[in-house]
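Trainee: Chains as they are written, first to last, in my numbering: chain A, 1 to 117; chain B, 118 to 235. The C-beta atom is built at its ideal place from N, Cα and C for all residues, glycine as well.
#1: Between the region 45-73 of chain A and chain B, which residues of the former have CB atoms less than 7 Å from a CB of the latter, in chain order?
#2: Answer yes or no: does any C-beta atom of chain A fall closer than 8 Å to that of residue 171 of chain B?
#3: So, using beta-carbon positions, are residue 125 of chain B and residue 206 of chain B closer together than 8 Å?
#4: Which residue comes first and which comes last in the beta strand (DSSP E) that contains residue 169 of chain B?
#5: Measuring straight from C-alpha to C-alpha, what distance separates residue 150 of chain B and residue 195 of chain B?
#6: Let me see if you follow: with CB-CB separation under 8 Å, is residue 192 of chain B close to chain A or not?
#7: Taking only the alpha-carbon atoms, compute the straight-line gap between residue 154 of chain B and residue 93 of chain A and give it to the nearest angstrom.
#8: Look up residue 219 of chain B in the DSSP assignment and say whether it is helix, strand or coil.
#9: On the DSSP bridge list, what partners appear for residue 139 of chain B?
#10: My assumption, with CB atoms under 8 Å, is that residue 142 of chain B sits in contact with residue 174 of chain B. Please give the rounded CB distance.
#11: I need the DSSP call for residue 26 of chain A, collapsed to helix, strand or coil.
#12: Would you be able to state if there are at least three C-beta pairs under 8 Å between the region 29-44 of chain A and the region 67-85 of chain A?
#13: What residues from the region 89-116 of chain A come within 9 Å of chain B, judged by C-beta to C-beta, listed N to C?
#14: Please list, in chain order, the chain B residues whose beta carbon lies closer than 7 Å to that of residue 43 of chain A.
#15: Could you work out which residues of chain B lie near residue 34 of chain A, taking near to mean beta carbons separated by less than 8 Å?
#16: At a threshold of 7 Å, does residue 121 of chain B count as lining the ligand MG (C-beta to nearest heavy atom)?
#17: Whole angstroms is fine: what's the gap from residue 231 of chain B's alpha carbon to residue 165 of chain B's?
#18: Straight-line CA distance for residue 226 of chain B to residue 193 of chain B?
#19: So, is the C-beta of residue 150 of chain B closer than 8 Å to a C-beta in chain A?
#20: Can you pull the chain A neighbours of residue 122 of chain B, defined as C-beta to C-beta under 8 Å?
#21: Between B:211, B:235, B:233, which has its C-alpha nearest residue 147 of chain B's C-alpha?
#22: Would you kindly work out how many angstroms separate the C-alpha atoms of residue 135 of chain B and residue 89 of chain A, rounded to a whole number?
#23: Is residue 131 of chain B buried or exposed, if buried means 16 or more other CB atoms sit within 10 Å of its CB?
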């Protein structure tokens, strides 16, 4: 199947700093990528849809200025958590599907665990 | 809006036995996809099985099969001959077909934690 790589897999940062998480589709092009957030023992909640070459679409309640998303190419989307605070600590997962596919399947990155001290 | 409901927060099964995980969903669409994803402790999301709504035949993948009841909007997962490696969180998910962008997002249920005992 298609491969999505996410980096870093875990990161610890100080409160007030910014952290960038990368999501790459390694063997396919993706015009759309999705960013999810998962709290411990909970489900995945969609944060935003990353659209190549245009602005991201954020879900209700997600702060655009805190969670900056850039989708500069067909194989890379980045999520930047700006001025991170302890409540931003979470597991972030990206997903994507080849725009040529018709199976409906989304492929997931390995996830990034963010801890803000 | 589409919703996915998993009413079993936790399930337990003995090794080699069969277990069924329940999932219901709500949608006004006629064309869509349904999935079961497995999330082990590593938290990597792994596709278990997928079903296209226009196909009446239930999908099967080795020990995994589904019971897809479109009219009832039900999509249960049966795991046969359970193995210790099946222990994980299982998420039922819905995705609209023939849409792009945000409209094509995956909507997840709350998950069912499966324990496999000896």
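Mentor: Per the coordinate set shown:
#1: 46, 49, 51, 57
#2: Counted from its first residue, the second chain places residue 171 of chain B at position 54. Output row for residue 171 of chain B: interface = no.
#3: Taking the second chain and counting its residues from 1, the one referred to as residue 125 of chain B is at position 8. Taking the second chain and counting its residues from 1, the one referred to as residue 206 of chain B is at position 89. Their beta carbons are not under 8 Å apart, which means residue 125 of chain B does not touch residue 206 of chain B by this criterion.
#4: Translated into positions along the second chain, residue 169 of chain B becomes position 52. Residues 163-169.
#5: Counting from one through the second chain, the residue named residue 150 of chain B turns up at place 33. Counting from one through the second chain, the residue named residue 195 of chain B turns up at place 78. In a straight line, the C-alpha of residue 150 of chain B is about 18 Å away from that of residue 195 of chain B.
#6: By 1-based counting over the second chain, the position of residue 192 of chain B is 75. It does not: the Cβ of residue 192 of chain B has no partner Cβ on chain A nearer than 8 Å.
#7: Stepping through the second chain from its first residue, residue 154 of chain B is reached at position 37. Stepping through the first chain from its first residue, residue 93 of chain A is reached at position 93. Approximately 14 Å between the Cα atoms of the pair.
#8: Along the second chain, read from residue 1 onward, the residue named residue 219 of chain B stands at position 102. Three-state DSSP puts residue 219 of chain B in a helix.
#9: Taking the second chain and counting its residues from 1, the one referred to as residue 139 of chain B is at position 22. Answer is none; residue 139 of chain B lacks a bridge partner.
#10: Translated into positions along the second chain, residue 142 of chain B becomes position 25. Translated into positions along the second chain, residue 174 of chain B becomes position 57. With 8 Å as the limit, residue 142 of chain B and residue 174 of chain B do not qualify as a contact, their Cβ atoms being about 19 Å apart.
#11: Locating residue 26 of chain A in the first chain gives position 26, where the first residue counts as 1. Coil at residue 26 of chain A, not helix or strand.
#12: yes
#13: 91, 93, 95, 97, 99, 102, 103, 104, 105, 106, 107, 108, 109, 110, 111, 113
#14: Looking up residue 43 of chain A in the first chain gives position 43. In chain order: 208, 225, 226, 227, 228.
#15: The sequence position of residue 34 of chain A within the first chain is 34, counting from 1. Simply 222, 223.
#16: Of ligands this structure carries none, so the ligand MG is not represented either.
#17: Indexing the second chain from 1 puts residue 231 of chain B at position 114. Indexing the second chain from 1 puts residue 165 of chain B at position 48. Between residue 231 of chain B and residue 165 of chain B, the C-alpha separation is close to 14 Å.
#18: As a first step, residue 226 of chain B is located in the second chain; it is residue number 109 there, counting from the start. As a first step, residue 193 of chain B is located in the second chain; it is residue number 76 there, counting from the start. Distance between the alpha carbons of residue 226 of chain B and residue 193 of chain B: 12 Å.
#19: The residue you call residue 150 of chain B lines up with position 33 of the second chain. Yes - at least one Cβ of chain A is within 8 Å of the one on residue 150 of chain B.
#20: Taking the first residue of the second chain as position 1, residue 122 of chain B is located at position 5. Residues of chain A passing the Cβ test: none, with the nearest at roughly 11 Å.
#21: In the second chain, the residue the question calls residue 147 of chain B occupies position 30. Residue 147 of chain B has its Cα closest to that of B:211, out of B:211, B:235, B:233.
#22: In the second chain, counting from the first residue as 1, residue 135 of chain B sits at position 18. In the first chain, counting from the first residue as 1, residue 89 of chain A sits at position 89. Residue 135 of chain B and residue 89 of chain A: Cα-Cα distance of roughly 37 Å.
#23: To locate residue 131 of chain B, count along the second chain from 1; it is residue 14. Per the 10 Å Cβ criterion, exposed.
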